[in-house]
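A quick write-up on the structure given underneath.
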Amino acid sequence: EAQVTQNPRYLITVTGKKLTVTCSQNMNHEYMSWYRQDPGLGLRQIYYSMNVEVTDKGDVPEGYKVSRKEKRNFPLILESPSPNQTSLYFCASRRLAGGGTDTQYFGPGTRLTVL
Amino acid sequence: AQSVTQLDSQVPVFEEAPVELRCNYSSSVSVYLFWYVQYPNQGLQLLLKYLSGSTLVKGINGFEAEFNKSQTSFHLRKPSVHISDTAEYFCAVSAGGSDTGRRALTFGSGTRLQVQP
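If you read the protein sequences in the order shown, they are chains A and B.
Residues in the first sequence are numbered from 912 upward in steps of one, following the numbering used here.
Residues in the second sequence are numbered from 550 upward in steps of one, following the numbering used here.
So, in structure tokens, the structure goes:
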């Protein structure tokens, strides 16, 4: 089954404690992306990657890092989380060749609370 | 840069009634338009998309949307809703960039459809 998986699904942490949210896809997609969803703001892109070792900033990258060492994995790293990073996070992937026409496939989401 | 406006944050409707969820976009270049649905505690899944051609697009679960270039709109419609349609609906646009691989999705703020018995 084609899918995007994220772990953990729920996480409560404290300010300043480094954390990583993992994302993995089994569709051999080149393009992967992280979004955060906040009430009234929809989804905003944090970072994206067009292939292994190729990453770039989205609209709200401050306070986040990513890496793309393998095609299937795209972890999101919060080096020093702060309460304003409390949000619902989604990982997504799609083929690169289709450009903007291709469907993005989303993971189930990770709800992060930073105290 | 592109933007998407979903004018209604919540739309309550009775079961079997018709519904329209509104979406307007702005972009200086040609666009691709999408509607995604998010059921409670789940990720987003694609309902339908407009790439080119016929302006009336049919999607899953009986939904359809009409692309109107002159009004820069892409409203979502369903003639008769079910309780199971209760979800949040997001309109999104993909536009711009000479490198089409870079095309990012810009999402609206979402519309919560509440279907009541």
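Backbone N, C-alpha and C fix where the C-beta goes; we use that ideal spot for every residue, glycine too.
None of the values given here were measured: they were computed from a predicted structure.
Find the residues of chain A that neighbour residue i, judging by a C-beta separation of less than 8 Å, and give them in chain order.
i                     : result
residue 591 (chain B) : 1019, 1020
residue 657 (chain B) : 953
residue 639 (chain B) : 953, 954
Out of the options, point me to the one whose CA is closest to residue i's CA.
i                      : options                       : result
residue 1024 (chain A) : A:914, A:923, A:913           : A:923
residue 573 (chain B)  : B:622, B:563, B:594           : B:622
residue 912 (chain A)  : A:933, A:937, A:920           : A:937
residue 584 (chain B)  : A:1020, A:1016, A:917         : A:1016
residue 606 (chain B)  : B:626, B:590, B:620           : B:626
residue 657 (chain B)  : B:561, B:620, B:582           : B:582
residue 579 (chain B)  : A:993, A:1021, A:1022, A:1012 : A:1012
residue 620 (chain B)  : B:597, B:644, B:604, B:600    : B:604
residue 982 (chain A)  : A:948, A:1008, A:1004         : A:1004
residue 939 (chain A)  : A:933, A:949, A:914, A:921    : A:914
residue 986 (chain A)  : A:993, A:1014, A:964          : A:964
What does DSSP give as the partner residue(s) for residue i in the beta ladder?
i                      : result
residue 617 (chain B)  : B:622
residue 663 (chain B)  : B:561
residue 681 (chain B)  : The structure shown does not extend to residue 681 (chain B), since chain B spans only 550 to 666, so no value can be given for it.
residue 949 (chain A)  : A:953
residue 1005 (chain A) : A:942
residue 967 (chain A)  : A:959
residue 632 (chain B)  : According to DSSP, which records beta bridges pairwise, residue 632 (chain B) is partnered with nothing at all.
residue 1023 (chain A) : A:922, A:998
For residue i and residue j, what's the separation of their Cα atoms in angstroms?
i                      : j                      : result
residue 971 (chain A)  : residue 928 (chain A)  : 20 Å
residue 554 (chain B)  : residue 953 (chain A)  : 10 Å
residue 567 (chain B)  : residue 980 (chain A)  : 48 Å
residue 618 (chain B)  : residue 931 (chain A)  : 42 Å
residue 588 (chain B)  : residue 995 (chain A)  : 25 Å
residue 576 (chain B)  : residue 551 (chain B)  : 5 Å
residue 592 (chain B)  : residue 569 (chain B)  : 22 Å
residue 595 (chain B)  : residue 556 (chain B)  : 20 Å
residue 989 (chain A)  : residue 638 (chain B)  : 28 Å
residue 984 (chain A)  : residue 935 (chain A)  : 4 Å
residue 1002 (chain A) : residue 660 (chain B)  : 21 Å
residue 951 (chain A)  : residue 559 (chain B)  : 11 Å
residue 978 (chain A)  : residue 1006 (chain A) : 18 Å
residue 919 (chain A)  : residue 631 (chain B)  : 32 Å
residue 991 (chain A)  : residue 629 (chain B)  : 48 Å
residue 644 (chain B)  : residue 944 (chain A)  : 16 Å
residue 960 (chain A)  : residue 615 (chain B)  : 32 Å
residue 561 (chain B)  : residue 655 (chain B)  : 25 Å
Taking residue i and residue j to be in contact with their CB atoms under 8 Å, please state how far apart those CB atoms are, rounded to whole angstroms.
i                      : j                      : result
residue 586 (chain B)  : residue 636 (chain B)  : 5 Å
residue 955 (chain A)  : residue 946 (chain A)  : 6 Å
residue 1026 (chain A) : residue 926 (chain A)  : 7 Å
residue 966 (chain A)  : residue 975 (chain A)  : The Cβ separation is near 11 Å, so there is no contact.
residue 665 (chain B)  : residue 563 (chain B)  : 5 Å
residue 916 (chain A)  : residue 1018 (chain A) : 6 Å
residue 600 (chain B)  : residue 612 (chain B)  : Not confirmed; about 17 Å, so no contact.
Please list the partners that residue i has in chain B, where partner means a Cβ-to-Cβ separation under 7 Å.
i                      : result
residue 1012 (chain A) : 581, 600
residue 974 (chain A)  : Residues of chain B passing the Cβ test: none, with the nearest at roughly 19 Å.
residue 1000 (chain A) : Those do not exist, as residue 1000 (chain A) stays about 11 Å from chain B at its closest Cβ, beyond 7 Å.
residue 969 (chain A)  : 653
Please list, in chain order, the chain A residues whose beta carbon lies closer than 7 Å to that of residue i.
i                     : result
residue 595 (chain B) : 1014
Interface residues of chain B around residue i at Cβ under 9 Å?
i                     : result
residue 958 (chain A) : Neighbours of residue 958 (chain A) on chain B: none; closest Cβ ~11 Å, over 9 Å.
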